[in-house]
Structures are given as structure tokens and as C-alpha cells.
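Going from the sequence shown to the working numbering is simple: count from 1 and add 574. For glycine and all other residues, C-beta sits at the position ideal for the given N, C-alpha and C. Here is the structure we will look at, set down as C-alpha cells.
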Amino acid sequence: RRIRVIAPERPGFGLSTVQPNRRIMDWPADVQALAHHLSLSHFAVMGGSGGGPYALACARMLPQDMMSAVGIFAGAGDWRAGAHHMPWNYRVSMLAAEHWPAGLRGSLAFVVWILRNGLNTQMATRRINDYLLKDRDQHDESVEERRAQLLRIIFEPFAQGTGPAAYEAKLLSQDWGIKFGDITYNNLHIWHAEKDWNSPLPMTEYYVKLLSNKPSFRVFEGDTHFTIHRHLDEILSELIPESS
575 RRIRVIAPER PGFGLSTVQP NRRIMDWPAD VQALAHHLSL SHFAVMGGSG
625 GGPYALACAR MLPQDMMSAV GIFAGAGDWR AGAHHMPWNY RVSMLAAEHW
675 PAGLRGSLAF VVWILRNGLN TQMATRRIND YLLKDRDQHD ESVEERRAQL
725 LRIIFEPFAQ GTGPAAYEAK LLSQDWGIKF GDITYNNLHI WHAEKDWNSP
775 LPMTEYYVKL LSNKPSFRVF EGDTHFTIHR HLDEILSELI PESS
């Protein structure tokens, strides 16, 4: 498959400029501006994990003839389904993001410091290499190159510090500003893992029931937030059929 992937960074992540007081519903305007800049008139939108609500915002706000499909892959769930579905540490982070953001920023900075030091030890290097060697897919890069790529992915969200991540936690755990019943786009696909504890299934089922456009909703039995990627080829084939 020759699929062109354009992955814009949300404000404050990677090299993207911080946008004070941004909202999830501001994202479609950024996508539309980027599409115009790149002369893209028709494209599919996909949001994974914390990017799920942003893809939903695109389904709500972008011109329907601009999108060939919208997909949500192991997306974040709606906290109005009940915070009790989330692990306790996520609930603590949510409360800190709302009531003590400085504390959350400090905690994240400490975790990032621990990871930066811990993941560069010989023991961690061996374990990461063993994990990568178990991947049965064919790769042109060496294990060392793939490990370096993995570490870049882990730390890139904190390239501008922990403030953007703390603010993102607040956005995802509050009302997203999306009126689910107003989404009329009719080529929406949602894929989720049955045993996803990072984004528990009941929290996704909550908003799926509120959608009026009857999306395609598929749950992969036995999978978790970290194993659902095994179905990515199948998912991309549904999002972007070869005929398109």
C-alpha cells in the first residue's frame, strides 16, 4: 500500500507552537489550514489514543466532502461515562490537571527524568532489544536504530516540557465540546480493544451510543491498548480501501 501519512503535532507537542487556552474543537481549523497549505482537497482523518477526540471533532466540523473517511483507533473515552472505569493513577492525574496543574507538571517532569536515565541503562537496553527482536515484521533498520526511534517517540511529547501534556490531560478528561448527536458524517469508523485499560471500552461505548450517524464500531477481543496495533493493516484497509 502506498499511503501518504501526514501526522501534524498538536499544539505544544514536538515542534508545534503552544496555543494558550486551546480547545479540542479548535483542531479542525488547524487541519483545514494544513490541508489548504498542502493543496489537499480530499483525505482521510485518523486519530489514535488521545487523538481520538480530535478526529471526532474533525467529523463534526470539517466540510464533509473534504473527508474520504474518519477513523478512531483505540481512542480516548468520554469521562462522563464514569471515572470509576479508569485506573486510579489516571483519576489522580485528572484531578491534578484540574486543581493542581503545577503539581502534575512537576510529577510528569520527574517521571520523564526517571525514564531518560533508566531507559539508557544496559539492563533496559537489553530488554528493549529483546522486545524489538520478538517483532515478526520485516524491518530495514537494525535493532539499535529501531530502539533509538522508539525512545524518540517516547520523549518527543515532552520536547517543550511537561506543560502541554498536563494541559492535554485536562482537555481529555473534561467535556470535549462535541455534541455527538450533531455529527452527521456517515463514514466514521471506530476500532477499540476489549481489554484496553488505558482507555476502557465502556467509556468509548458511552459516546458511540450518543452518535446519530451509526458509525462502524468494531471491538477486537482479547486485545489491549498496546496490542491492537497488530490489526493496523486490516484497519487501514477499512479506512482507505484499495479501490480508493
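Residue i and residue j closer than 8 angstroms at C-beta
{"i": "I577", "j": "L810", "result": "yes"}
{"i": "A643", "j": "I814", "result": "yes"}
{"i": "A618", "j": "M641", "result": "yes"}
{"i": "A631", "j": "L746", "result": "no"}
{"i": "G588", "j": "E730", "result": "yes"}
{"i": "R584", "j": "S590", "result": "yes"}
{"i": "M777", "j": "W653", "result": "yes"}
{"i": "S773", "j": "H799", "result": "yes"}
{"i": "D797", "j": "K769", "result": "yes"}
{"i": "L689", "j": "A739", "result": "no"}
{"i": "R721", "j": "N694", "result": "no"}
{"i": "P594", "j": "L636", "result": "no"}
{"i": "F754", "j": "L775", "result": "no"}
{"i": "Q638", "j": "Y781", "result": "no"}
{"i": "W771", "j": "P627", "result": "no"}
Per-residue DSSP class, three states only, for residue i
{"i": "G626", "result": "helix"}
{"i": "M620", "result": "strand"}
{"i": "I809", "result": "helix"}
{"i": "R726", "result": "helix"}
{"i": "S681", "result": "helix"}
{"i": "V644", "result": "strand"}
{"i": "R700", "result": "helix"}
{"i": "V686", "result": "helix"}
{"i": "W750", "result": "coil"}
{"i": "S667", "result": "helix"}
{"i": "R792", "result": "strand"}
{"i": "A739", "result": "helix"}
{"i": "W765", "result": "strand"}
Burial state of residue i, where buried means 16 or more other Cβ atoms lie within 10 Å
{"i": "R575", "result": "exposed"}
{"i": "V605", "result": "buried"}
{"i": "I728", "result": "exposed"}
{"i": "G751", "result": "exposed"}
{"i": "G586", "result": "buried"}
{"i": "A581", "result": "exposed"}
{"i": "Y705", "result": "exposed"}
{"i": "E742", "result": "buried"}
{"i": "M697", "result": "exposed"}
{"i": "S613", "result": "exposed"}
{"i": "R679", "result": "buried"}
{"i": "S667", "result": "buried"}
{"i": "G622", "result": "buried"}
Rounded distance between the beta-carbons of residue j and residue i, thought under 8 angstroms
{"i": "A633", "j": "M620", "result": "In fact, because the Cβ distance is near 11 angstroms, the residues do not count as touching under 8 angstroms."}
{"i": "V717", "j": "L707", "result": "6 angstroms"}
{"i": "A648", "j": "I802", "result": "5 angstroms"}
{"i": "A657", "j": "R665", "result": "5 angstroms"}
Next on the checklist: If contact is defined by three or more beta carbon pairs under 8 angstroms, each pair taking one atom from either stretch, is the stretch 732 to 751 in contact with the stretch 763 to 772?
Outcome noted: They do not touch, by the three-pair rule.
Checklist entry - Touch check for the stretch 669 to 686 and the stretch 785 to 799: three-plus C-beta pairs under 8 angstroms? => result At 8 angstroms Cβ cutoff, the stretches do not touch.
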